[in-house]
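Encoded as structure tokens, the structure appears first; notes follow it.
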Amino acid sequence: MDDYLAGLDRAMKKMPATRESKERFVIPSVKVFYEGKTTVLENFGAIADTLNRDPEHLMKYLLQEMGTAGKIEGQRGIFQGKFGETAIARQIESYFEEYVVCTECRLPDTHLIKSDRVLTLKCDACGAHRPVRKRKATTAVQKDVIEEGETYELRIESVGNKGDGIAKVDKYLIFVPSAVKGEIVKAKIKKISGTLAFAEVVERKGKVS
Numbered sequence: 048m049d050d051y052l053a054g055l056d057r058a059m060k061k062m063p064a065t066r067e068s069k070e071r072f073v074i075p076s077v078k079v080f081y082e083g084k085t086t087v088l089e090n091f092g093a094i095a096d097t098l099n100r101d102p103e104h105l106m107k108y109l110l111q112e113m114g115t116a117g118k119i120e121g122q123r124g125i126f127q128g129k130f131g132e133t134a135i136a137r138q139i140e141s142y143f144e145e146y147v148v149c150t151e152c153r154l155p156d157t158h159l160i161k162s163d164r165v166l167t168l169k170c171d172a173c174g175a176h177r178p179v180r181k182r183k184a185t186t187a188v189q190k191d192v193i194e195e196g197e198t199y200e201l202r203i204e205s206v207g208n209k210g211d212g213i214a215k216v217d218k219y220l221i222f223v224p225s226a227v228k229g230e231i232v233k234a235k236i237k238k239i240s241g242t243l244a245f246a247e248v249v250e251r252k253g254k255v256s
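Structure (structure tokens):
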């Protein structure tokens, strides 16, 4: 019995170390702002690094799923059109489920292998492997410029008669109480009525000259 326990102990020590829980693995929250008619995912590089995947592979997936054109600029991802943070985050989560997480042990300690034109996800933690299914083209993500309950980075362009800061995003005028002209703020959209929106400041980022 002692020999058996000793052997079992040695075997356990030789097993590869794994993360204790998937909860330790957190994908960075999507940070989006708009430049003209484009959407900028400013922490695209950090997200790709966390997923431990080639940024070009992640970008190709997002462009296909979102039905748009785009490119990588430094650490940022640039997408043609207006996309909400929730929509982009949903696509990144889908990428994680398909190309990163192991379906057996639910850990992200994996890597992609291509053999005989078949892409396979291999888990470094438990040794499981599975083919990555070839995806069909999907319907483009709904391009919501702004959504109630979502947070956006805004540049206050003017001040209204009642003293509220005013930002412009596409066709929308967004009123932000206590914000001043030239200030950059992160604000949560509380209500949308037609082309008018009302928000509250979540974080002040500073002023531009």
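Anchor point for the sequence shown: position 198 equals 245 in this note's numbering, and the numbering is continuous, going up by one each time. The C-beta atom is built at its ideal place from N, Cα and C for all residues, glycine as well.
- By the Cβ rule, the stretch 78–98 counts as touching the stretch 136–147, because three or more pairs are nearer than 8 Å.
- Sixteen is the threshold: when 16 or more other Cβ atoms of the shown chains lie within 10 Å of the Cβ of glutamate 112, as they do, the residue is buried.
- Minimum Cα-Cα distance from lysine 78 among the listed residues Thr86, Asn90, Gln122 corresponds to Asn90.
- In this structure, glutamine 138 and glycine 92 do not form a Cβ contact; the two beta carbons are roughly 17 Å apart against a cut-off of 8 Å.
- Here lysine 169 is actually not in contact with glycine 128; their C-beta atoms are around 35 Å apart, not less than 8 Å.
- Leucine 88 has its alpha-carbon roughly 25 Å from the corresponding atom of lysine 228.
- Around the CB of glutamate 230, 16 or more other CB atoms lie within 10 Å, so the residue is classed as buried.
- Comparing alpha-carbon positions, the option among Val249, Pro224, Ser240 lying closest to isoleucine 193 turns out to be Ser240.
- Between glycine 124 and leucine 109, the gap from beta carbon to beta carbon is short of 9 Å.
- Within the same chain, and ignoring the five residues on either side of leucine 243 in sequence, the residues whose Cβ sits closer than 6 Å to its Cβ are Leu220.
- In this structure, the straight-line span from the alpha carbon of threonine 167 to that of valine 248 is close to 45 Å.
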